[in-house]
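Going by the working numbering, the sequence shown opens with residue 114, and the numbers climb by one from there.
Backbone N, C-alpha and C fix where the C-beta goes; we use that ideal spot for every residue, glycine too.
Working notes, structure below.
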Amino acid sequence: MCGRYIDPNLRGTEFELSEIKIDPFPRRYNIKPTQDAIALRSLNSDAVLMRWWFIPFWHKGEAKDWKATTFNARIEEAAKKPTFRNAWKSGRCLIPAGGYYEWTGEKGHKQPHVILSAGNEETLWFAGLSSHWNDIHTCAILTRPANACVEQVHNRMPVILNSDEREAWMGGTDGAGIGADAILKHHPVKRFGMRDDGPELVEEM
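Structure below.
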């Protein structure tokens with residue numbers, strides 16, 4: 114599961130110029146489903162903006178008429194799901210992130226945790242699926258069973274790709290096992306609301 118995440122910091126990387134060109138907002142620390150996500154449609158392309166809530170190309174009607182919860186997609190199932198089947202074949206993308214959030218505890222008293230890279234690369238690269246619907250690019254973040262780094266926080270995690278896996282994902286791999294070795298760290302943060310934003314959201318309690 115991934116329902117909130119953080120914009121990547123692409124300054125100083127090969128994607129810096131494309132981020133500056135498309136980025137009309139300051140860095141966000143509380144990106145929500147249906148908001149714009151920075152994404153890459155190929156390893157060599159400029160970054161683009163996509164609406165973070167996948168709508169298949171064949172959907173008729175308005176965006177609000179699409180009732181399925183499709184901001185995430187399970188990598189174990191996506192290839193066979195009618196909603197994602199076409200994107201699995203020809204709509205793969207990469208969604209860079211500075212981190213993401215998960216919650217623990219009972220409803221009404223949930224504790225947020227921020228999950229960040231613990232490896233050499235600050236940016237987390239999520240495997241994604243994209244769809245061109247009514248002249249709008251939409252996307253979903255793929256998820257997989259959590260590894261030992263984060264399983265105490267949540268039983269699912271985004272599919273987070275290292276450099277070799279990024280090439281494999283965009284090259285059409287069946288997805289088996291990718292993202293299992295992501296090196297992550299996490300800590301609890303203060304509870305925050307839908308409209309809260311800013312670097313203070315990731316400060317450790």
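Taking a 10 Å sphere around the C-beta of Asp120, we find 16 or more other C-beta atoms and assign the residue as buried. Counting along the chain, Ala281 sits inside the alpha helix (DSSP H) bounded by residues 276–283. Under the three-state reduction of DSSP, Arg257 is assigned to strand.
Where Asn199 is concerned, the enclosing alpha helix (DSSP H) starts and stops at 198–203.
Per DSSP, the unbroken beta strand (DSSP E) holding Arg187 starts and ends at 185–187. Straight-line measurement puts the Cα of Phe167 at about 15 Å from the Cα of Arg117. The three-state secondary structure of Glu190, taken from DSSP, is coil. A direct Cα-Cα distance of roughly 37 Å separates Lys303 from Trp246.
When DSSP states are grouped into helix, strand and coil, Ala160 belongs to the coil group. For Met270, the beta-bridge partners assigned by DSSP are Arg257. If you compare the alpha carbons of Arg154, Arg140, Ala261 with that of Thr251, the shortest gap goes to Arg154. Annotation for Leu237: the continuous beta strand (DSSP E) segment containing it runs 237–246. Residue pairing by DSSP places Ser230 opposite Leu297 in a beta bridge.
For the pair Asn275 and Asp309, the Cα-to-Cα distance works out to about 30 Å. In the DSSP assignment, Val302 is bridged to Glu317.
Three or more beta-carbon pairs separated by less than 8 Å are not found between the segment 214–221 and the segment 167–184, which leaves the two stretches without contact. Annotation for Gly292: no beta strand (DSSP E) segment contains it, and DSSP assigns it neither H nor E.
The segment 261–274 makes contact with the segment 207–217: 3 or more CB pairs, one atom from each, lie closer than 8 Å.
Shown here for Ser230: same chain residues with a beta carbon closer than 6 Å to its own, the five before and five after excluded, namely Leu237 in chain order.
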